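Below is one structure, written out as structure tokens, with a few remarks after it.
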Amino acid sequence: VLDRVKSGSDSLDPIYNSEYTGPRMAGNQVRKTFVLHATGTGSSGSGNPFTVGNATATAAVGSQRMDLRTLVPAAPAYRVISEGGTVGQYRLEYDVSGTEMSYLLNVVSARDAAEAAVSVTMNDLGDSWQIQLSHPQKGSATVVLRKGETTAGGSVRVGGGAAQPLREDVQGMLLTADGPVWTGGGTPPPGPSVPTGGNQPAVSIQGSGSAGAQALPQPVGSPASPAAATDAAQATGDTLARRIARVRGFLLDAWRRSVEWLLAIASGADAAAPATAAAPAVPVVSATAGRGDTLQPARHTERARLAR
96 VLDRVKSGSD SLDPIYNSEY TGPRMAGNQV RKTFVLHATG TGSSGSGNPF
146 TVGNATATAA VGSQRMDLRT LVPAAPAYRV ISEGGTVGQY RLEYDVSGTE
196 MSYLLNVVSA RDAAEAAVSV TMNDLGDSWQ IQLSHPQKGS ATVVLRKGET
246 TAGGSVRVGG GAAQPLREDV QGMLLTADGP VWTGGGTPPP GPSVPTGGNQ
296 PAVSIQGSGS AGAQALPQPV GSPASPAAAT DAAQATGDTL ARRIARVRGF
346 LLDAWRRSVE WLLAIASGAD AAAPATAAAP AVPVVSATAG RGDTLQPARH
396 TERARLAR
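Right under this line is the structure:
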């Protein structure tokens, strides 16, 4: 997980316009925080799952383990905070400051308690980092990540295979009738868009979710007559309308369930929470600068997000 975080000299008051003349904090004094969550241990979830070492930490929850290795900065000052609540959640975090442009480079892995942990080493190559990952049974991999505020790319090599270059551009994601799909090579033709809310750009609606995220099928060649052209356009329009209706129905249903859940939580009626699929055997793990998700079954993860 590589986070490039840049801070600026901003207002110390909740005023953000260009005419502000009040107190400010210099960009190099702003603290940027990496956060990683895990559920507590024990039947009540009140036990601290984290064991902290030198730039390493492990969360033990039942027979599952989540390992964190921080590569940049070299000597993070970890702290573990109990968030309490009905979920029994703990938060590990550390800060960086001193420069406007900061990097947070971490390796997060999950395993069974009986398995060996992934071994991690790093070489600083000046304009990039070379990260070596190895496991006694599962082999090795080498990841190269470029530095810089706007640089992208790098490479991934598994075992003794050829190095596969990472993308030099920002990879797009399309919202298809089968769910979100990463775009393949090149840029597909833009499709109709659905507003995503907030400050996020509209999401393109494309055809069936294939590996290349192809656009909606279009009539090929010239129709034999104006009537045929009208029929082809009508068929394409009907297909698009059905797909938009499916996506709209899915989003509205998810929004309605979220609102009902929030109201149930606010009133203390946990039993009113919407039904979800059975919790998976493997915990859900993710991490990002400033925000992380819990190491816990899916239902609790969603509840933790809504409760916050």
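End of the sequence shown sits at 403 in my numbering; the numbers just go up one at a time, nothing left out. Backbone N, C-alpha and C fix where the C-beta goes; we use that ideal spot for every residue, glycine too. Remember, it's a predicted structure, so these values are computed and weren't measured experimentally.
For the pair M161 and T151, the CB atoms are not nearer than the 8 Å cut-off. Per DSSP, reduced to three states, the secondary structure at Q266 is coil, with no helix or strand assignment. In this structure, the straight-line span from the alpha carbon of G103 to that of V191 is close to 14 Å.
In the DSSP assignment, Y185 falls within the unbroken beta strand (DSSP E) covering 184-191.
By the criterion of a C-beta distance shorter than 8 Å, L107 is surrounded in its chain by G117, P118, R119, M120, once the five residues flanking it on both sides are discounted. Inter-segment contact for the segment 165-180 and the segment 137-150 is present: three or more beta-carbon pairs are separated by less than 8 Å. In the three-state reduction of the DSSP assignment, G234 falls in the strand class, which pools E and B. The residue from G254, G137, R241 with its alpha-carbon nearest to that of D264 is R241. Excluding the 5 residues flanking it on each side, T165 has same chain C-beta neighbours closer than 6 Å at A150, P171, N201, in chain order. Residue ranges of uninterrupted alpha helix (DSSP H) with 4 or more members are absent from the segment 116-167; none lies entirely inside it.
Q184 sits close to G135, with the two beta carbons spaced by under 8 Å.
Assignment of G243 by DSSP, reduced to helix, strand and coil, places it in the coil class. Under DSSP, V100 shares a beta bridge with S197. Spatial neighbours of S214 in its own chain (CB-CB distance under 6 Å, excluding positions within 5 residues in sequence) are listed in chain order as S229.
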